[in-house]
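Presented below is the structure to which this report refers.
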Amino acid sequence: MTKKNIRKIKKYFFGYLFIAPAMIGFFVFMAWPMVNGIIMSFKKVGLKGTSEWVGLDNYTTLISDVHFLKAILNTGYYTLGIILLGVPLALVLAVILNQKLRGMTFYRLSYYLPVITMMIAVSVVWKGLLSTNNGLINYMISFLGISNIPWLTNPKWAMPGLILMSIWKGTGFNMIVFLGALQNIPKSYYEAATTDGANSLQKFTNITLPLISPAILFVMITTTINSFQIFEQAYVLTGGGPQEATTTIVYYIYQNTFEWFKPGYANAQATILFAMLLIITGIQFLLQKKWVHYE
Amino acid sequence: MNNILYKRILKIATHVLLMTGALLMLVPFAWMISTCFKDINNVFTYPPNFIPEKITLDSFSRVFEIMDFGRYYLNNFIITFLRMFGLFFTATMAGYGFGRLEFPGKNFLFICLLGTMMIPIYVIMFPSFMIIKNFGWIDTYQALTIPQMLGAFGGAFSIFLLKQNFQSIPRELEEAAIIDGAGPIRLFWSIMLPQVKPAFAALAIFSFNGSWNDFIWPLIVTNSDKMKMLSLGIARFSSDKEGLTQWPEMMAASLMALLPVVILFIIAQKKFIENASQSGIKG
Amino acid sequence: MMKKVVAILLIMIMVFSLAGCANDAVKKDAEKTEPVAKEKVELTLLGWGGAEEEKIVNGYLSEFQKENPNIKVTFVRPADYWPKLKTMIAGGTAPDAFYMGFPEFVEFQKQDVLLNLSEFAVDFDENDFQEGQLNAFRDPNSGDLYGVPKDWSSYVMYYNKAMFDEAGLPTPNEMYENGNWTYDTFESTAKKLTTAEHHGAAINYGRWKAFVPQTGANWVDKDSRKVTVNTPEFAKGIQYLADLGNKSKVIPTVDELADLSPADRFSNKKAAMFMSGRWMAMRFAELDFEWDIAPMPSDVTESTWIDLVAYCGSSDTKYPEETWKLINFLTGKKIEEQVAKAGQAIPARISVANSPAFLESIDVNNKAHLEIEANPIPVFDHWGEVWDALNRNLELVWTGEDTAVNAAKAAQEEIDGIK
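Those protein sequence lines, which keep their order, are chains A, B and C.
Each number in the numbering used here comes from the position in the first sequence (counting from 1) with 22 added on.
For the record, in the second sequence the residue sitting at position 128 is 124 according to the numbering used here, with numbers rising by one throughout.
Each number in the numbering used here comes from the position in the third sequence (counting from 1) with 57 added on.
This is the structure:
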């Protein structure tokens, strides 16, 4: 062993030492269960903990499982709702807030407050707000001439109700992300554009959007991943109903794991969810070359 | 003249818009707070009123009768503190290791770690339950704190943040310290760590928030009432077969559960918000 | 620098010891009795119920511990009972004894996770239990007993005596005695008691199962266990319940129930009548008005819904003898009398159910629970999924979006397709 090698090994040793706790946490509580979960998806687990290998059975059953397909549809519907409504809203708010305004602190506080609150507590409050006959939401929209919407008891309106609540809760975060990116754009760019005779819209599309595109990508990816995983809202507000309107993928996994006790089947669903997330995120990453502009 | 008027109108319109939005954000909290102090018969009056005719504090005491709320609160504090404490060491060490040290497989391991940010905990609900059970940790504080202290279930983001911070420390500082004879541990603890102090607040806030609001993990690994965390306590209302309609008590419980985080937020709002705005840039 | 490290270490030690103490305190909650020669045994009993019930059960357990100082029992009441029980069993941490419903029993027994109690039930008086109830917890092949019925409940109609008095109406009990307590008279009575302030009755639509046998719907065949719901009789019962809310408006709609549950409505005088089982009697003990209970109204025949719960043991328990001791104690005459007196449920022991302990337990017409003869419904296959399909399809009827006839047909199609 040469002296150089000994030094190298010593150096590596410390590297591993420092990352050791995190690696232990990762392997023991995340990687190993992940692998285990995938293996379990190929088994049928009985109540007594016994399991038998069934190969792809769980997966083939899943393909024809109406409830699972409905869960995927519901989750997709929810995700689209958040991305098409919530993200632009956050962007618009950030643009508006990106100026010297009085009360800036107050605005930032009020928009961000919902973000940090406990989802369970918030869901319980919204259950009251979305009450058909007596809820504040219906009261407020009655001023627009709209009659009471049966938010949580009607399959058509349950998911919109959930989307509304989630947008309320999550917009603040995205707004701040966009605000941070906006404030990073040097004013000189805009000044130069004005000198060149550009109007507001042109400035927005040619300067603002491209320069904040990394932030937009970040928001899109995190929002998608989070939306695919919603559970607590459905758990408290609607119990997956009415008529399975709010049974999301994760809610269905929960039911299969803990209510009906079919862990093998549930793990197959979880594996598919994970695969879907990987693919969608991958696509988003690949597409970024087309529209994301890095300095 | 027209231009100035136009600008003025725009400014007023902006404020009106923002104010409306801000009020919409706050209205649910207002409803929650006003309902706490009402009698159940006055919760749903038409038109809705925010100031109850008869203010009563009954709901708060009833929460403690319905469930062991005090215990849940204590658990939240203990568990959150332990998690934050452990994560501090785990994340700074890992951030330093990935950010400044060299060893084979570094990039691969880091990507794996980042990947965990994408593994929804729901995907590993049952297998992680089995691991906890194999350790004999079901229904114990160990199950509720050790994984998170070691960075699992959400720690990856903090590690990532710290890695970025460590990476931006100038080489010269490090080299100077080595020349002065600092060993690897001392180098980390006395020289490098203080350099990333600005990130500590973000780390603390992020881990506090995540831990305080935790729902799914305690749901999986706890059985008995005494080990529950606050969010599970509030969820109890919805598992009452006879109906989730004890509004004043539910709102009182929610208010009490939200309070610490809200207070922390008001005090340290800059730091909270910095967190979010930095993520967009580092994207 | 060192000071900081020391401070942190001290805090760490403090917190860990706090957590450790708390952990221990959790485990040592009951006081320790003097050391005995017998081996110390710790059992877990898993159950459900409200906070009041938990207090009562813990009372029973302290009595048990007085008689058996070496056995300590902890009562655990999880938020979600069945998921918790299943995960505990699968995880190898099954409770030693636990509550078991008669439908769920079938599945658990098949999976071999229950303790065979026949081996221990030496001086156990089987005659003090209803045969039908005991049989619900036997192995269908060997006839061995795997659960001991602890209590049962029939659905009754709670009513607010004061409201009836004020309106000058005969009470449901009086109407029942006169043979005049039918679906029609129930509806007309409720109508008379529906004002701007309150409904005539508050009923949980999810409990529709209590309204179909009376219209002649025998929807689960006793022998074949086949589920048949697309019959006119079944639809009639369902439509009756739905119409009470949507047509005659004597009970709250689904939306209204989301704001204030049936139980809360009755407690707050927003409903003159309320349908539920025996357990609500405990909750209503504190009400500030006089209330009573009457049997369910009848239509073509008399009927009501029967819930039945037993104690079961885990086949994995380390202490089968002590577990049996616990179960035997909890289903013994003494405890069952207390169960009766508390208004918790109807004791399974016939001798106790027919004694003053139950009949005079609370100041209401307790025998209303025993008036109508009924049995627990036969347990059919794919129990959970079938109920799920039924409930989901019937939801449309409660909101008035569809008729019972169509919903029942759709439900039948779905049920027939379940494998």
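Where a beta carbon is used, it is the ideal one built from N, C-alpha and C, also for glycine.
Predicted, not measured: the structure shown is a model, and the values here were computed from it.
Rounded straight-line distance, which links the Cα of residue j to that of residue i
i: Gly370(C); j: Asp153(C); result: 6 angstroms
i: Asn115(C); j: Phe132(C); result: 7 angstroms
i: Ala93(A); j: Asp221(B); result: 32 angstroms
i: Phe268(B); j: Arg264(C); result: 48 angstroms
i: Ala399(C); j: Trp179(A); result: 43 angstroms
i: Ile403(C); j: Ile155(B); result: 58 angstroms
i: Ala274(C); j: Asn287(C); result: 10 angstroms
i: Val109(A); j: Val241(A); result: 8 angstroms
i: Arg232(B); j: Ala136(C); result: 6 angstroms
i: Ala342(C); j: His426(C); result: 17 angstroms
i: Ser55(B); j: Asn289(A); result: 41 angstroms
i: Ala318(A); j: Trp336(C); result: Within the shown structure, residues of chain A are numbered from 23 to 317, placing residue 318(A) beyond reach of any answer.
i: Pro48(B); j: Phe25(B); result: 15 angstroms
i: Ala152(B); j: Cys108(B); result: 10 angstroms
i: Met145(C); j: Tyr138(C); result: 11 angstroms
Extent of the continuous beta strand (DSSP E) to which residue i belongs
i: His256(C); result: His256 to Ala259
i: Val258(A); result: Element bounds for Val258(A): n/a, residue is neither H nor E.
i: Tyr156(C); result: Ala154 to Gly158
i: Tyr368(C); result: Ile363 to Gly370
i: Leu111(A); result: Counting along the chain, Leu111(A) falls outside any beta strand (DSSP E), though it belongs to the alpha helix (DSSP H) covering Val109 to Leu119.
i: Glu74(A); result: Ser73 to Trp75
i: Tyr216(C); result: Val213 to Asn217
i: Ser336(C); result: For the sequence presented, residue 336(C) should be read as Trp rather than Ser. Note, Trp336(C): premise wrong, no beta strand (DSSP E); not H, not E.
i: Lys129(C); result: Ile128 to Val133
i: Val98(C); result: Val98 to Leu103
heavy atom of the ligand GDP below 7 angstroms from residue i C-beta
i: Ser63(A); result: Within the structure as shown, the ligand GDP is missing, as the structure has no ligands at all.
Closer than 7 angstroms at the beta carbon, the chain C residues around residue i
i: Thr241(B); result: Asp316, Leu317, Ser318 and Asp321
Per-residue contacts from residue i into chain A (C-beta, under 9 angstroms)
i: Ala147(C); result: Val67, Gly68, Leu69, Lys70, Gly71, Phe283 and Pro285
i: Pro190(B); result: Those within 9 angstroms of Pro190(B) in chain A number zero; the least Cβ separation is about 16 angstroms.
Cross-chain neighbours of residue i in chain A, by beta carbon under 7 angstroms
i: Phe33(B); result: Near Phe33(B) there are no residues of chain A at all, since even the closest Cβ is about 14 angstroms away, more than 7 angstroms.
i: Pro140(C); result: Phe280 and Glu281
i: Thr144(C); result: Phe280
Among the options, the one whose alpha carbon lies nearest that of residue i
i: Ile247(A); options: Leu115(A), Asp87(A) and Thr97(A); result: Thr97(A)
i: Leu171(C); options: Ala147(C), Val179(C) and Gln190(C); result: Ala147(C)
i: Glu98(B); options: Met113(B), Pro194(B) and Gln163(B); result: Gln163(B)
i: Gln469(C); options: Gln190(C), Trp455(C), Pro289(C) and Thr228(C); result: Pro289(C)
i: Ala328(C); options: Glu343(C), Ser211(C) and Lys306(C); result: Lys306(C)
i: Tyr276(A); options: Ala248(B), Ile120(B), Ile174(B) and Ser234(B); result: Ile120(B)
i: His315(A); options: Ile118(A), Phe253(A), Leu231(A) and Leu300(A); result: Leu231(A)
i: Pro55(A); options: Gly304(A), Thr303(A) and Ala292(A); result: Ala292(A)
i: Ser145(A); options: Thr72(A), Gly304(A), Leu186(A) and Asn58(A); result: Leu186(A)
i: Val59(B); options: Ile230(B), Arg79(B) and Leu260(B); result: Ile230(B)
With 16 other Cβ atoms within 10 Å as the buried cut-off, status of residue i
i: Lys129(B); result: buried
i: Ala198(B); result: buried
i: Met27(B); result: Here the sequence assigns Trp to residue 27(B), which means Met is not the residue at that position. Under this definition Trp27(B) is a buried residue.
i: Ala253(C); result: exposed
i: Thr270(A); result: buried
i: Leu19(B); result: exposed
i: Met126(A); result: exposed
i: Gly2(B); result: First, the amino acid is wrong: residue 2(B) is Tyr here, not Gly. Exposed, because fewer than 16 other Cβ atoms sit within 10 Å of the Cβ of Tyr2(B).
i: Val57(A); result: exposed
i: Ala44(A); result: buried
Residue span of the alpha helix (DSSP H) that contains residue i, given as start and end
i: Glu213(A); result: Lys209 to Thr217
i: Trp348(C); result: That residue, Trp348(C), is in no alpha helix (DSSP H); its beta strand (DSSP E) goes Trp348 to Ala351.
i: Leu14(B); result: Asn(-2) to Cys32
i: Thr193(A); result: Pro177 to Gln205
i: Leu427(C); result: Ala425 to Glu428
i: Lys159(B); result: Gly151 to Gln163
i: Lys149(A); result: Met141 to Leu151
i: Lys283(C); result: From DSSP, Lys283(C) is part of no alpha helix (DSSP H); its letter is neither H nor E.
Under 8 angstroms by beta carbon: chain C residues contacting residue i
i: Arg232(B); result: Ala136
Interface partners of residue i on chain B, CB under 7 angstroms
i: Gln251(A); result: Pro116 and Tyr118
Residue-level contact to chain D via CB, residue i, 8 angstroms cutoff
i: Gly441(C); result: Among the protein chains in the structure shown, which are A, B and C, there is no chain D.
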